[in-house]
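298 is the number of the first residue of the sequence shown in my numbering; add one for each residue after it.
As C-alpha coordinates, the structure follows; a few thoughts come after it.
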Amino acid sequence: MITVNMNGKLVKIDVDNVLRTRLPKHYRYIPRFVVRWLERTICQDRLNTILEKMADKNSVDAATAALDEMGITVTASGLDMLPDGRYMFVSNHPLGGLDGLALISFLGNRYAHKIKFLVNDLLMAVVPLRGVFLPVNKYGHQSRAAASQIEEALKGDDQFITFPAGLCSRMQPDGTIADLPWQKAAVVHAVNYQRDIVPIYFDARNSRFFYRFANWRKRLGIKFNIELIFLPKEMLKQSGSNLRFVVGQPIPWSSFDARAPKQEAARLRDIVYSMATMPS
(Lines of atoms letter the chains of each structure in order from A and count residues from 1; the text may use other names and numbers.)
(Lines give C-alpha, C1' and ligand atoms only; values in the text may rest on other atoms or scores of the structure.)
Protein backbone atom coordinates (compact mmCIF):
# COMPACT_ATOMS: atom_id res chain seq x y z
CA MET A 1 0.00 0.00 0.00
CA ILE A 2 2.77 2.44 0.85
CA THR A 3 5.71 0.68 -0.76
CA VAL A 4 8.59 3.05 -1.40
CA ASN A 5 10.52 2.72 -4.64
CA MET A 6 13.96 4.28 -4.79
CA ASN A 7 16.37 4.08 -7.74
CA GLY A 8 14.65 0.99 -9.07
CA LYS A 9 15.14 -0.96 -5.85
CA LEU A 10 12.56 -2.10 -3.38
CA VAL A 11 13.04 -0.68 0.08
CA LYS A 12 11.03 -1.23 3.21
CA ILE A 13 7.61 0.23 3.82
CA ASP A 14 8.04 3.24 6.09
CA VAL A 15 4.80 5.03 6.94
CA ASP A 16 6.56 7.72 8.96
CA ASN A 17 8.92 8.54 6.11
CA VAL A 18 6.11 8.65 3.57
CA LEU A 19 4.12 11.11 5.68
CA ARG A 20 7.22 13.24 6.26
CA THR A 21 8.11 13.46 2.56
CA ARG A 22 4.61 13.63 1.11
CA LEU A 23 3.17 16.07 3.68
CA PRO A 24 6.14 18.22 4.72
CA LYS A 25 4.01 21.22 5.75
CA HIS A 26 1.63 19.15 7.85
CA TYR A 27 3.87 16.38 9.17
CA ARG A 28 4.70 18.04 12.50
CA TYR A 29 1.01 18.34 13.31
CA ILE A 30 0.35 14.62 12.86
CA PRO A 31 0.21 12.97 16.32
CA ARG A 32 2.67 10.12 16.83
CA PHE A 33 -0.11 7.79 17.92
CA VAL A 34 -1.71 8.26 14.49
CA VAL A 35 1.52 7.23 12.77
CA ARG A 36 1.87 4.19 15.03
CA TRP A 37 -1.77 3.27 14.42
CA LEU A 38 -1.21 3.36 10.67
CA GLU A 39 1.92 1.21 11.01
CA ARG A 40 0.03 -1.38 13.04
CA THR A 41 -3.05 -1.27 10.82
CA ILE A 42 -1.12 -2.02 7.63
CA CYS A 43 1.05 -4.56 9.50
CA GLN A 44 4.19 -2.72 8.44
CA ASP A 45 6.75 -5.05 10.08
CA ARG A 46 5.18 -8.26 8.74
CA LEU A 47 4.82 -6.82 5.24
CA ASN A 48 8.48 -5.82 5.28
CA THR A 49 9.46 -9.39 6.14
CA ILE A 50 7.47 -10.64 3.15
CA LEU A 51 9.00 -8.00 0.88
CA GLU A 52 12.48 -9.08 1.99
CA LYS A 53 11.70 -12.63 0.85
CA MET A 54 10.63 -11.27 -2.54
CA ALA A 55 13.45 -8.76 -2.99
CA ASP A 56 15.99 -10.95 -4.80
CA LYS A 57 13.41 -12.66 -7.03
CA ASN A 58 11.49 -11.63 -10.10
CA SER A 59 7.87 -11.86 -11.15
CA VAL A 60 6.41 -15.36 -10.71
CA ASP A 61 9.13 -16.49 -8.30
CA ALA A 62 8.57 -13.38 -6.18
CA ALA A 63 4.84 -14.11 -5.91
CA THR A 64 5.58 -17.72 -4.96
CA ALA A 65 8.08 -16.58 -2.33
CA ALA A 66 5.46 -14.28 -0.76
CA LEU A 67 2.94 -17.12 -0.56
CA ASP A 68 5.55 -19.46 0.92
CA GLU A 69 6.46 -16.90 3.58
CA MET A 70 2.80 -16.76 4.62
CA GLY A 71 2.44 -20.56 4.51
CA ILE A 72 -0.24 -20.32 1.84
CA THR A 73 -0.85 -23.09 -0.69
CA VAL A 74 -2.89 -22.82 -3.87
CA THR A 75 -4.93 -25.50 -5.58
CA ALA A 76 -6.96 -25.34 -8.78
CA SER A 77 -9.29 -27.58 -10.71
CA GLY A 78 -9.85 -27.56 -14.44
CA LEU A 79 -6.52 -26.04 -15.46
CA ASP A 80 -5.14 -29.31 -16.84
CA MET A 81 -8.15 -29.57 -19.14
CA LEU A 82 -7.19 -26.44 -21.09
CA PRO A 83 -5.92 -26.94 -24.63
CA ASP A 84 -2.91 -24.93 -25.77
CA GLY A 85 -3.75 -21.38 -26.74
CA ARG A 86 -3.29 -17.70 -25.97
CA TYR A 87 -5.92 -16.84 -23.43
CA MET A 88 -7.37 -14.03 -21.39
CA PHE A 89 -7.98 -15.33 -17.86
CA VAL A 90 -10.72 -13.39 -16.08
CA SER A 91 -11.52 -13.88 -12.41
CA ASN A 92 -13.68 -12.56 -9.64
CA HIS A 93 -11.66 -10.49 -7.16
CA PRO A 94 -12.58 -11.57 -3.62
CA LEU A 95 -9.43 -10.70 -1.67
CA GLY A 96 -7.85 -7.56 -3.12
CA GLY A 97 -4.23 -8.69 -3.53
CA LEU A 98 -3.66 -12.20 -2.28
CA ASP A 99 -5.83 -13.62 -5.05
CA GLY A 100 -3.59 -11.82 -7.53
CA LEU A 101 -0.44 -13.31 -6.00
CA ALA A 102 -2.04 -16.77 -6.15
CA LEU A 103 -2.93 -16.46 -9.83
CA ILE A 104 0.51 -15.08 -10.72
CA SER A 105 2.21 -17.97 -8.94
CA PHE A 106 -0.05 -20.78 -10.13
CA LEU A 107 -0.64 -19.68 -13.72
CA GLY A 108 2.91 -18.37 -14.04
CA ASN A 109 4.36 -21.75 -13.14
CA ARG A 110 1.84 -23.50 -15.39
CA TYR A 111 2.81 -21.33 -18.37
CA ALA A 112 6.59 -21.09 -17.94
CA HIS A 113 6.37 -17.55 -16.51
CA LYS A 114 4.83 -16.28 -19.76
CA ILE A 115 2.02 -14.23 -18.21
CA LYS A 116 0.95 -10.61 -17.95
CA PHE A 117 -1.39 -9.12 -15.37
CA LEU A 118 -3.39 -5.91 -15.81
CA VAL A 119 -3.13 -3.94 -12.52
CA ASN A 120 -3.56 -0.54 -10.90
CA ASP A 121 -0.43 1.46 -11.75
CA LEU A 122 0.20 2.07 -8.03
CA LEU A 123 1.28 -1.56 -7.78
CA MET A 124 4.27 -0.86 -10.01
CA ALA A 125 6.01 0.22 -6.80
CA VAL A 126 6.32 -3.49 -5.98
CA VAL A 127 9.45 -3.88 -8.08
CA PRO A 128 9.81 -7.71 -7.97
CA LEU A 129 6.45 -8.07 -9.72
CA ARG A 130 7.02 -5.49 -12.44
CA GLY A 131 7.91 -8.15 -14.98
CA VAL A 132 4.35 -9.45 -14.78
CA PHE A 133 2.40 -6.24 -14.28
CA LEU A 134 0.83 -4.08 -16.97
CA PRO A 135 -0.14 -0.75 -15.34
CA VAL A 136 -3.50 0.97 -15.75
CA ASN A 137 -4.02 4.48 -14.40
CA LYS A 138 -7.41 4.31 -12.65
CA TYR A 139 -7.38 7.88 -11.37
CA GLY A 140 -6.02 9.88 -14.28
CA HIS A 141 -4.96 9.84 -17.90
CA GLN A 142 -3.45 6.64 -19.25
CA SER A 143 -0.05 7.39 -20.79
CA ARG A 144 0.56 6.56 -24.42
CA ALA A 145 3.52 4.37 -23.44
CA ALA A 146 1.44 2.34 -20.99
CA ALA A 147 -1.35 1.88 -23.56
CA SER A 148 1.20 0.75 -26.12
CA GLN A 149 2.66 -1.73 -23.63
CA ILE A 150 -0.77 -3.27 -23.03
CA GLU A 151 -1.45 -3.47 -26.75
CA GLU A 152 1.84 -5.25 -27.42
CA ALA A 153 1.14 -7.74 -24.62
CA LEU A 154 -2.31 -8.49 -26.03
CA LYS A 155 -0.80 -9.09 -29.48
CA GLY A 156 1.85 -11.37 -28.02
CA ASP A 157 1.79 -14.97 -26.84
CA ASP A 158 1.88 -14.46 -23.08
CA GLN A 159 -1.23 -15.44 -21.15
CA PHE A 160 -3.20 -12.38 -20.02
CA ILE A 161 -4.83 -12.12 -16.57
CA THR A 162 -7.29 -9.50 -15.36
CA PHE A 163 -9.84 -8.75 -12.64
CA PRO A 164 -12.65 -7.06 -14.62
CA ALA A 165 -14.22 -5.65 -11.44
CA GLY A 166 -11.16 -3.50 -10.73
CA LEU A 167 -11.92 -3.36 -6.99
CA CYS A 168 -12.18 -6.35 -4.69
CA SER A 169 -15.57 -7.82 -3.85
CA ARG A 170 -18.06 -6.11 -1.57
CA MET A 171 -21.12 -7.18 0.40
CA GLN A 172 -24.24 -6.97 -1.73
CA PRO A 173 -27.66 -5.77 -0.46
CA ASP A 174 -28.76 -9.40 0.05
CA GLY A 175 -25.74 -10.13 2.23
CA THR A 176 -23.78 -12.12 -0.34
CA ILE A 177 -20.18 -11.30 -1.18
CA ALA A 178 -19.58 -10.56 -4.86
CA ASP A 179 -17.77 -8.28 -7.28
CA LEU A 180 -19.04 -4.91 -8.34
CA PRO A 181 -20.23 -4.75 -11.98
CA TRP A 182 -17.50 -5.86 -14.36
CA GLN A 183 -15.89 -3.40 -16.74
CA LYS A 184 -16.19 -4.00 -20.46
CA ALA A 185 -12.45 -3.82 -21.24
CA ALA A 186 -11.91 -7.58 -20.92
CA VAL A 187 -14.51 -8.31 -23.58
CA VAL A 188 -13.26 -5.53 -25.86
CA HIS A 189 -9.67 -6.77 -25.59
CA ALA A 190 -10.66 -10.39 -26.13
CA VAL A 191 -12.53 -9.57 -29.34
CA ASN A 192 -10.00 -7.08 -30.69
CA TYR A 193 -7.03 -9.40 -30.13
CA GLN A 194 -8.83 -12.68 -30.74
CA ARG A 195 -8.16 -14.24 -27.36
CA ASP A 196 -10.55 -16.85 -26.00
CA ILE A 197 -11.60 -16.05 -22.43
CA VAL A 198 -10.99 -18.53 -19.62
CA PRO A 199 -13.33 -17.85 -16.67
CA ILE A 200 -12.01 -18.38 -13.13
CA TYR A 201 -14.01 -18.54 -9.94
CA PHE A 202 -11.81 -17.78 -6.93
CA ASP A 203 -13.29 -19.33 -3.77
CA ALA A 204 -12.29 -16.94 -0.97
CA ARG A 205 -13.45 -13.93 1.03
CA ASN A 206 -12.25 -11.29 3.45
CA SER A 207 -13.62 -10.86 6.97
CA ARG A 208 -17.13 -9.60 7.61
CA PHE A 209 -15.58 -6.61 9.37
CA PHE A 210 -14.01 -5.52 6.06
CA TYR A 211 -17.31 -5.69 4.17
CA ARG A 212 -19.32 -4.03 6.93
CA PHE A 213 -16.79 -1.22 7.22
CA ALA A 214 -17.03 -0.67 3.45
CA ASN A 215 -20.82 -0.51 3.66
CA TRP A 216 -20.76 2.02 6.51
CA ARG A 217 -18.24 4.14 4.63
CA LYS A 218 -20.58 4.18 1.65
CA ARG A 219 -23.63 5.02 3.79
CA LEU A 220 -21.76 7.95 5.28
CA GLY A 221 -21.19 9.31 1.77
CA ILE A 222 -17.42 8.91 1.85
CA LYS A 223 -16.31 8.26 -1.72
CA PHE A 224 -12.70 7.33 -1.01
CA ASN A 225 -12.34 3.58 -0.38
CA ILE A 226 -10.76 3.95 3.05
CA GLU A 227 -11.43 0.28 3.82
CA LEU A 228 -8.46 -0.55 1.58
CA ILE A 229 -6.17 0.34 4.49
CA PHE A 230 -7.28 -2.93 6.10
CA LEU A 231 -6.37 -5.13 3.11
CA PRO A 232 -2.84 -5.99 4.36
CA LYS A 233 -4.32 -7.29 7.63
CA GLU A 234 -6.97 -9.17 5.67
CA MET A 235 -4.22 -10.75 3.56
CA LEU A 236 -2.24 -11.85 6.60
CA LYS A 237 -5.35 -13.42 8.16
CA GLN A 238 -5.16 -15.95 5.33
CA SER A 239 -1.71 -17.15 6.47
CA GLY A 240 -1.45 -20.92 6.64
CA SER A 241 -4.55 -21.46 4.50
CA ASN A 242 -5.19 -23.16 1.18
CA LEU A 243 -6.61 -20.93 -1.56
CA ARG A 244 -8.76 -22.61 -4.18
CA PHE A 245 -9.99 -21.60 -7.59
CA VAL A 246 -11.95 -23.26 -10.37
CA VAL A 247 -11.04 -22.88 -14.04
CA GLY A 248 -13.83 -23.09 -16.60
CA GLN A 249 -13.84 -24.04 -20.25
CA PRO A 250 -12.53 -21.40 -22.69
CA ILE A 251 -15.20 -19.17 -24.19
CA PRO A 252 -14.49 -18.39 -27.89
CA TRP A 253 -13.84 -14.70 -28.46
CA SER A 254 -16.11 -14.89 -31.52
CA SER A 255 -19.10 -15.70 -29.27
CA PHE A 256 -19.09 -12.21 -27.77
CA ASP A 257 -21.15 -9.41 -29.29
CA ALA A 258 -18.65 -6.61 -29.87
CA ARG A 259 -21.56 -4.15 -30.23
CA ALA A 260 -22.66 -4.69 -26.61
CA PRO A 261 -19.48 -5.09 -24.53
CA LYS A 262 -21.07 -3.88 -21.29
CA GLN A 263 -23.82 -6.46 -21.48
CA GLU A 264 -21.34 -9.14 -22.46
CA ALA A 265 -19.16 -8.26 -19.47
CA ALA A 266 -22.20 -8.76 -17.23
CA ARG A 267 -22.85 -12.13 -18.89
CA LEU A 268 -19.24 -13.14 -18.33
CA ARG A 269 -19.52 -12.18 -14.66
CA ASP A 270 -22.62 -14.39 -14.37
CA ILE A 271 -20.73 -17.29 -15.93
CA VAL A 272 -17.94 -16.97 -13.36
CA TYR A 273 -20.34 -16.91 -10.41
CA SER A 274 -22.25 -19.90 -11.80
CA MET A 275 -19.00 -21.82 -11.31
CA ALA A 276 -19.22 -21.34 -7.52
CA THR A 277 -21.09 -24.64 -7.22
CA MET A 278 -18.46 -26.57 -9.19
CA PRO A 279 -16.11 -28.88 -7.21
CA SER A 280 -12.77 -27.32 -6.35
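All C-beta atoms, glycine included, are put in the ideal place defined by N, C-alpha and C.
Computed from a prediction, not measured in an experiment: that's the story for all the values here.
F457 and F499 closer than 8 Å at C-beta: At the C-beta level, F457 and F499 stay beyond 8 Å of one another.
Chain-order list of residues whose beta-carbon lies under 8 Å from that of R319 (same chain, five-residue window excluded): Around R319: no qualifying Cβ.
Counted within 10 angstroms of its Cβ, other Cβ atoms place K413 as buried (16 or more) or exposed: Buried: at least 16 other Cβ atoms inside 10 Å.
Neighbour-count burial assignment, T300, 16 or more Cβ in a 10 Å radius: With a pLDDT of only 47 at T300, under 50, the local geometry of the prediction cannot be trusted, and the value read off the model is given with reservation. Buried: at least 16 other Cβ atoms inside 10 Å.
DSSP three-state assignment for L477, whether helix, strand or coil: Three-state DSSP puts L477 in coil, outside helix and strand.
Bounding residues of the beta strand (DSSP E) (the contiguous stretch that carries R325): Per DSSP, R325 is not a residue of any beta strand (DSSP E), being assigned neither H nor E.
Whole-angstrom C-beta distance between K481 and K559, which should lie under 8 Å: K559 to K481, Cβ: 5 Å. Contact.
In chain order, each alpha helix (DSSP H) run of at least 4 residues that lies wholly inside the segment 382 to 410: Complete alpha helix (DSSP H) runs here, min 4: 395 to 407.
Helix, strand or coil at K534 [DSSP, three-state]: In this structure, K534 counts as helix in the three-state DSSP scheme.
W479 versus R566: straight-line alpha-carbon distance, rounded: Going from the Cα of W479 to the Cα of R566 covers about 7 Å.
Contacts around T361, its chain only, beta-carbon distance under 6 Å, and the 5 residues preceding and following it disregarded: Spatial neighbours of T361 in its own chain (CB-CB distance under 6 Å, excluding positions within 5 residues in sequence) are listed in chain order as S402.
Three-state secondary structure assigned by DSSP to A501: A501 falls in the coil class under three-state DSSP.
CA-to-CA distance, N539 to N304, given in whole angstroms: Low confidence applies here, because N304 scores a pLDDT of 46, under 50, leaving its location unreliable; read the following figure in that light. Inter-residue distance for N304 and N539 is about 36 Å (C-alpha atoms, whole angstroms).
Simplified DSSP state of A541, which is helix, strand or coil: A small fix is needed here, since residue 541 is Arg in this sequence, not Ala. In the three-state reduction of the DSSP assignment, R541 falls in the strand class, which pools E and B.
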